[in-house]
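Structure record follows, encoded as structure tokens.
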Amino acid sequence: MNRIVALPRTLLDALRMEVQAASWFAALGEPLTEGDRSDAAAYLAALGFDALEVGLARDWPDAERLLKAPDWMPAWWDREESLRLTLLAEAEARYPERALWSSLTELTTETGDLVHGKAATAAARMGKAAAASIHVAAGAAAQAVYQLALARLAEQPASPFESKFRLYAAGRWPLGIMDSRLILF
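So the sequence shown is numbered by our numbering: it starts at 20 and just counts up by one.
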């Protein structure tokens with residue numbers, strides 16, 4: 020039986036508050052903390068990559084070089100995308116389509132506006148960032164919030180998108196899995 024229920028506004032409002040409170044891009048290039056390592060390990064384990072190491076991009080040029088490297092792991096992207104599609108199907112089955120898509124669009128647009136400014140500030144503070152990298156960082160952060168919203172709407176608290184968001188909220192940018200390492204900036 021397929022049961023459609025009203026969209027949980029309190030859940031989305033709570034997520035908006037988390038987005039507002041996050042330290043977007045504030046720790047880029049800084050040494051990893053135990054919290055960073057713990058969240059990275061939880062993210063990797065939830066994706067089935069628990070044997071990988073965690074690496075660090077030192078600055079914007081290093082992050083840009085890593086993002087362009089040919090040795091990134093497609094299985095990482097494929098697992099995230101497969102999970103996103105599963106969560107989206109669950110959310111679409113649970114909530115009215117128009118309300119769901121309107122809410123997700125509104126949330127990611129608001130997030131994109133906020134995080135673009137935060138990424139630009141971080142880039143100005145550190146220097147040597149290509150303008151396109153600021154847009155890439157903001158897009159990745161907005162995508163992380165969208166993924167987290169889907170996980171919460173689908174009532175999947177063990178989703179890797181929870182720990183991925185915590186990395187962003189702590190000021191990190193998870194660049195992806197490259198050369199058997201999750202690279203954080």
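Using N, Cα and C, we set each Cβ at its ideal position, and we do this for glycine too.
Helix, strand or coil: which one does DSSP assign to residue i?
i	result
M92	coil
A190	Reading the sequence as shown, one finds Gly at residue 190 and not Ala. If DSSP states are grouped into helix, strand and coil, G190 belongs with coil.
F180	helix
T130	helix
K137	helix
L63	helix
Y165	helix
T105	helix
G146	coil
S19	Nothing about residue 19 can be reported from this structure: the residues present for the chain run from 20 to 204 only.
E116	helix
P50	coil
A159	helix
R56	helix
A173	coil
Cα-Cα, which of the options is closest to residue i?
i	options	result
H135	T124, P27 and A150	A150
F204	A82, T140 and G67	A82
S42	A160, I196 and L194	A160
R171	I23, R77 and L30	L30
A110	E53, I196 and A25	A25
T128	R98, L107, W79 and A157	A157
I196	P27, W79, P89 and A33	P89
W79	S182, V155 and M92	V155
A108	Q166, R28 and A40	Q166
L102	A76, D58, P27 and G67	G67
W113	R35, L186 and E174	The sequence given here places Arg at residue 113; Trp does not occur at that position. The residue with the shortest Cα to Cα distance from R113 is E174.
L169	A139, L106, A177 and D32	L106
R98	Y62, G48, E49 and M145	Y62
A76	A60, R28 and P50	P50
Pop quiz: residue i and residue j are said to be a contact at Cβ under 8 angstroms. What is the actual Cβ separation, rounded to whole angstroms?
i	j	result
A45	A163	With 8 angstroms as the limit, A45 and A163 do not qualify as a contact, their Cβ atoms being about 15 angstroms apart.
P179	A70	That pair is no contact at about 15 angstroms.
A189	D55	6 angstroms
R185	L126	About 18 angstroms; that fails the 8 angstroms criterion.
L47	I202	Incorrect: roughly 12 angstroms between the Cβ atoms, too far for contact.
V38	L133	7 angstroms
Which partner residues of residue i appear in the DSSP bridge assignment?
i	result
R200	E72 and M197
Given a threshold of 16 other Cβ atoms within 10 Å of its Cβ, counted over all protein chains shown, does residue i qualify as buried or as exposed?
i	result
L104	exposed
S199	exposed
S122	buried
K137	buried
T52	exposed
P193	buried
I205	This structure cannot speak to residue 205, because the chain is shown only from 20 to 204.
K147	exposed
S57	exposed
W95	buried
K87	exposed
R191	buried
Would you say the beta carbon of residue i comes nearer than 7 angstroms to a heavy atom of the ligand NAD?
i	result
A41	Absence of the ligand NAD is noted for the structure shown, with no ligands found whatsoever.
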